[in-house]
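Participant:
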Amino acid sequence: MSQSITEDIPIPSLSNADFLKQLGAYFETSQGNSPFHITHKRLVPKSSSTKDDLSSNVVVHPLQFPQNTDSYLVLVRAKIGADKKLSTAVAPEDLTEFWAKYSKMLKASIARNKK
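FYI, the working numbering numbers position 58 of the sequence shown as 154, with every residue one higher than the one before it.
#1: In terms of residues, what are the limits of the alpha helix (DSSP H) holding residue 183?
#2: How would you label residue 115, buried or exposed, when you count the other beta carbons within 10 angstroms and need 16 or more for buried?
#3: In terms of residue numbering, what span does the alpha helix (DSSP H) encompassing residue 119 cover?
#4: Please list the terminal residues of the continuous beta strand (DSSP E) segment that includes residue 135.
#5: Taking the C-alpha atoms as reference points, what is the distance between residue 110 and residue 182?
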């Protein structure tokens, strides 16, 4: 795997399996003592357009917008406590398998840490 998705976006350091393994290990040992935040978002390279690309103040709307057929990675991040951060990028073809493992792990950890 290369070091960046594009010139602007570095690839997260963990593979999907390592991300799930480390997050699961945290849930096993934490017993609900420290907070965690999990975020997901589509990973989109920065646009190359600039302010100069826009016309002065004339806006022309096309009759039909072009259909986006690009596929994007999903960035999944976890922040555990104040100092531990995990992240991974999931390819579109791996999403179903990743979400299944991820949701199973979260359900098990929530049931285990329920007070």
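Virtual Cβ for every residue (Gly too), placed ideally from N, Cα, C. The structure presented is a predicted model; accordingly, all values stated were derived computationally and were not measured.
Facilitator: Taking the coordinates as given:
#1: Reading the sequence shown from its first residue, position 87 is the one you call residue 183. Segment 180-186 is the beta strand (DSSP E) holding residue 183; no alpha helix (DSSP H) there.
#2: Position 19 of the sequence shown holds residue 115. Within 10 angstroms of the beta-carbon of residue 115 lie 16 or more other beta-carbons, which makes it buried.
#3: Stepping through the sequence shown from its first residue, residue 119 is reached at position 23. Residues 112-126.
#4: Numbered from 1 along the sequence shown, position 39 holds the residue referred to as residue 135. Unbroken beta strand (DSSP E) run through residue 135: 132-139.
#5: The residue you call residue 110 lines up with position 14 of the sequence shown. The residue you call residue 182 lines up with position 86 of the sequence shown. Distance between the alpha carbons of residue 110 and residue 182 is about 7 Å.
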